[in-house]
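Numbering (the numbering used here), first residue to last: 228 to 367. Built from N, CA and C at the ideal position, the CB exists for glycine as well.
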Amino acid sequence: MDMADVALIKRPAQLRVSLAHDSRKSVPALKTLALVERELTDLDLSWGPVGSVGFELATGDRVISEASDLDLALFAPQRIDHAIARDLWGTLSSLPAKVDVRIETPYCGFSLEEYALRRSAKILIRTPDGQQLVEDPWDI
């Protein structure tokens, strides 16, 4: 696609379930997004749907199926306390549709689930240069 063909750019934080067509709001991933919106009202971080849900909300093209999960990006320029991450994951992992959350720092991205349920000293991060195992994703 040529950039001249792009009519509008929307960031994940601008995509909410209110953009979905009424007939689609009963799809599990969109129902789950509505619940996430209520649960994360007080979260002081920018976040939004990505993946197929983000694509459908941004374009209006119907791409979400009954089996679709909900992919979220959570933008965290500063370190998130492990207790907060565990509580957040506990809330999100109990919702009707499967929720995958990628935490984005200024340097890398990684799984909220892996960070919250951390069983080892290191966590897998993804950077523009590839994947690596680190102890602190905010200090690379």
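Range of the contiguous alpha helix (DSSP H) that encloses residue i
{"i": "residue 279", "result": "278-286"}
{"i": "residue 257", "result": "255-266"}
Beta-carbon gap between residue i and residue j smaller than 8 Å
{"i": "residue 281", "j": "residue 287", "result": "no"}
{"i": "residue 266", "j": "residue 318", "result": "yes"}
{"i": "residue 333", "j": "residue 355", "result": "no"}
Bridge partners - residue i, DSSP secondary structure assignment
{"i": "residue 250", "result": "In DSSP, residue 250 forms no bridge with anything."}
{"i": "residue 299", "result": "276, 328"}
Any non-hydrogen atom of the ligand MN within 7 Å of residue i CB
{"i": "residue 334", "result": "Looking for the ligand MN in the displayed structure turns up nothing, as the structure carries no ligands at all."}
Nearest candidate by alpha-carbon position, reference residue i, set the options
{"i": "residue 258", "options": "238, 273, 296", "result": "296"}
3 or more residues per run - each beta strand (DSSP E) lying fully within the stretch 313-364: 326-331, 336-338, 350-354, 357-361
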